[in-house]
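Using the numbering used here, read the sequence shown as starting at 31 and increasing by one per residue. Where is the CB? At the ideal position from N, CA and C, for every residue including glycine. Worksheet for the structure shown next.
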Amino acid sequence: MNRMRPKSIAVFNSNDIYPISADSVVPFEQHRDIFYLSGADQEETILLLFPDAMDKKHREILFVRETNEHIAIWEGEKLTKEKATEVSGIRTIYWLKEFDKVFFDLMTEADTIYFNTNEHYRQAVETRTREDRFILACQQKFPAHQVAKSNPILQEIRGIKEPEELELMQMACNITEKGFRRLLGFVKPGVYEYEIEAELLHEFVRNRSKGFAYPPIIASGNNANVLHYLENNKACMDGDMLLMDVAAEYANYSSDLTRTIPVNGRFTKRQKDVYNAVLRVKNEATKMLVPGTLWAEYHKECGKLMTSELLGLGLLDKADVQNENPEWPAYKKYFMHGTSHHIGLNTHDYGALKTPMKANMVFTVEPGIYIPDEKMGIRLEDDVVIQEKGEPFNLMRNIPIEVEEIEELMNA
Ligand code: GLY
Ligand code: MN
Ligand code: MN
Numbered sequence: 031m032n033r034m035r036p037k038s039i040a041v042f043n044s045n046d047i048y049p050i051s052a053d054s055v056v057p058f059e060q061h062r063d064i065f066y067l068s069g070a071d072q073e074e075t076i077l078l079l080f081p082d083a084m085d086k087k088h089r090e091i092l093f094v095r096e097t098n099e100h101i102a103i104w105e106g107e108k109l110t111k112e113k114a115t116e117v118s119g120i121r122t123i124y125w126l127k128e129f130d131k132v133f134f135d136l137m138t139e140a141d142t143i144y145f146n147t148n149e150h151y152r153q154a155v156e157t158r159t160r161e162d163r164f165i166l167a168c169q170q171k172f173p174a175h176q177v178a179k180s181n182p183i184l185q186e187i188r189g190i191k192e193p194e195e196l197e198l199m200q201m202a203c204n205i206t207e208k209g210f211r212r213l214l215g216f217v218k219p220g221v222y223e224y225e226i227e228a229e230l231l232h233e234f235v236r237n238r239s240k241g242f243a244y245p246p247i248i249a250s251g252n253n254a255n256v257l258h259y260l261e262n263n264k265a266c267m268d269g270d271m272l273l274m275d276v277a278a279e280y281a282n283y284s285s286d287l288t289r290t291i292p293v294n295g296r297f298t299k300r301q302k303d304v305y306n307a308v309l310r311v312k313n314e315a316t317k318m319l320v321p322g323t324l325w326a327e328y329h330k331e332c333g334k335l336m337t338s339e340l341l342g343l344g345l346l347d348k349a350d351v352q353n354e355n356p357e358w359p360a361y362k363k364y365f366m367h368g369t370s371h372h373i374g375l376n377t378h379d380y381g382a383l384k385t386p387m388k389a390n391m392v393f394t395v396e397p398g399i400y401i402p403d404e405k406m407g408i409r410l411e412d413d414v415v416i417q418e419k420g421e422p423f424n425l426m427r428n429i430p431i432e433v434e435e436i437e438e439l440m441n442a
């Protein structure tokens with residue numbers, strides 16, 4: 031609200047409940063912005079902010095679906111006005127049916143309306159969301175108002191995590207750790223990738239997670255070279271490695287982990303060499319995540335680290351590097367994705383990318399080497415918090431990653 035223009039209103043809508051067909055629906059996931067700003071995790075909720083409202087009680091308003099006994103019997107309790115105040119800290123709660131009237135009245139006092147458009151750098155939305163429909167209707171009804179964007183403000187404030195958020199993210203990582211440790215005693219030749227998925231889900235849900243923070247990638251052997259492998263339907267073979275990009279959500283916060291382990295509990299010499307090369311890149315990359323680092327520069331440095339490891343492994347030679355195309359450097363043949371992304375309420379979270387990094391931003395670090403010719407793909411991924419001073423704090427510091435520890439636990 032401090033950053034809004036004078037005489038302006040900002041509105042934030044919930045996500046829709048998406049239909050499957052007949053009367054079935056996809057489980058509800060709240061839009062992360064209204065959740066971040068209000069804590070309201072219920073469909074059809076609207077948050078309205080109007081810092082200069084003439085009537086003080088209209089500076090913050092939460093509109094919620096009217097609840098009644100019939101709804102309570104079929105769907106369980108929805109937010110009452112009292113409960114809505116309790117979760118959000120907002121004193122003025124109205125039923126949703128009052129929105130049009132209240133909004134019209136407040137818009138007569140306002141000059142500017144803030145719309146919450148999706149400006150995430152990877153967005154690719156074809157659906158017309160509830161927010162989109164609100165924006166369209168609003169533009170028709172109030173063509174004389176100025177418009178402004180909420181999204182850059184949210185990207186900035188959501189990118190820097192509050193202590194309460196870091197605590198929840200640590201919880202998510204701790205649940206992920208339990209899942210991973212459970213697997214180390216479970217994976218063996220012949221096991222199917224979906225059996226591993228089931229073990230993880232069991233461990234996540236029994237620890238009060240809703241489940242996976244994103245669709246799990248459980249990729250044995252050459253499946254690891256399909257970066258977005260989601261089938262998870264093959265048997266794990268003796269001698270292969272298994273790449274698992276799997277992590278729990280907790281309280282709507284994501285964690286994001288990747289580990290690569292030997293199916294039979296022992297790395298071969300070659301597997302170990304490639305694994306340790308990835309691990310060294312990860313450790314060196316992590317050290318660069320400090321206040322002031324620029325995302326684009328960081329990725330260039332990571333490319334240099336990787337190039338030197340690939341030379342060491344004999345996957346590139348000096349000529350490959352000397353003749354490389356600066357737009358697509360030689361290392362990209364074996365490491366074709368980014369090293370880091372913001373993480374938080376979204377797995378690929380909001381956050382500034384073109385300005386220097388700041389303390390309490392949370393990033394993944396996830397280098398990989400993918401060699402289809404050798405039937406292996408290795409990625410290692412942790413989530414780390416940038417500190418005011420010194421190296422980042424690793425939220426996954428307790429999740430086994432060294433070759434020796436993985437082998438020991440798999441053979442215990
Ligand atoms: N699991 C998605 C990612 O690593 O970015
Ligand atoms: Mn991941
Ligand atoms: Mn990631």
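Taking 3 residues as the minimum length, the beta strand (DSSP E) runs contained wholly in the segment 140-195 are 142-145 and 176-179, in order along the chain. Put simply, of P422, K384, N376 and S284 the residue whose alpha carbon is nearest the alpha carbon of K312 is P422.
L79: member of the beta strand (DSSP E) spanning I76 to L79, first to last residue. Taking a C-beta distance under 8 Å as the contact criterion, I431 and L309 qualify as a contact pair. Going down the chain, each residue whose beta-carbon is closer than 7 Å to a heavy atom of ligand 1 shows up: Y244, I247, D275, D286, T288, H371, T377, H378, T394, E396 and E411. Of the candidates E434, I416 and P245, I416 places its Cα closest to the Cα of P193. Using a Cβ-Cβ distance cut-off of 8 Å, the segment 163-179 and the segment 118-128 are not in contact, since fewer than three pairs of beta carbons, one from each stretch, lie closer than that value.
Assignment of S285 by DSSP, reduced to helix, strand and coil, places it in the coil class. Put simply, the backbone Cα of V293 is about 7 Å away from that of M267. Assigned with DSSP and collapsed to three states, Y48 falls in coil, not helix or strand. Judged by their CB atoms, L67 and E96 are not nearer to each other than the 8 Å cut-off. Linking H88 to V132 through their CA atoms gives a straight-line distance of about 9 Å. The three-state reading of DSSP puts V256 in coil, since its state is none of H, G, I, E or B. Its chain contains L341 as the residues whose beta carbon lies nearer than 8 Å to that of K348, once the 5 sequence neighbours on both sides are disregarded; these appear in chain order. In the DSSP assignment, R409 falls within the unbroken beta strand (DSSP E) covering M406 to R409. When C-beta atoms of the segment 226-244 are compared with those of the segment 205-213, three or more pairs fall below 8 Å, so the two segments count as touching.
When C-alpha distances from F145 are compared across Y222, A114, N252 and I183, the shortest belongs to I183.
For the 8 Å CB-CB criterion, I205 and N253 do not form a contact. Going by C-alpha positions, P36 is about 34 Å away from T377. Straight across, the Cα-Cα distance linking E227 with E434 is about 24 Å.
As DSSP reads the structure, V55 sits in a beta bridge with P49. It is roughly 42 Å from the alpha-carbon of M366 to the alpha-carbon of L78. Counting the other CB atoms within 10 Å of its CB gives L92 a total of 16 or more, which places it among the buried residues. For the alpha helix (DSSP H) assignment, the uninterrupted runs of no fewer than 4 residues enclosed by the segment 213-258 are, from N- to C-terminal side, 223-235.
Here E279 is bridged, per DSSP, to S284.
Beta-bridge analysis with DSSP links A40 to L79 and Y144.
Counting C-beta atoms within 10 angstroms of its own C-beta, K218 has fewer than 16 neighbours from the protein chains shown and is therefore classed as exposed. With contacts defined as CB atoms closer than 8 Å, Y48 and L383 fail to qualify as a contacting pair. For a cut-off of 8 Å, the C-beta gap from V304 to I399 is around 5 Å, short enough to register as a contact.
The segment 408-415 makes contact with the segment 391-398: 3 or more CB pairs, one atom from each, lie closer than 8 Å. Closest in alpha carbon position to E197, among E438, K388, L375 and G420, is L375.
Exclusion of the five residues before and after W325 leaves S370, L383, K384 and M387 as the residues of its chain whose Cβ lies within less than 8 Å of its Cβ. Rounded to the nearest whole angstrom, the CA to CA distance from S239 to K113 is 23 Å. The C-beta separation of M406 from M271 comes to about 5 Å, placing the pair in contact by the 8 Å criterion. In the DSSP secondary-structure assignment, T394 is bridged to D413.
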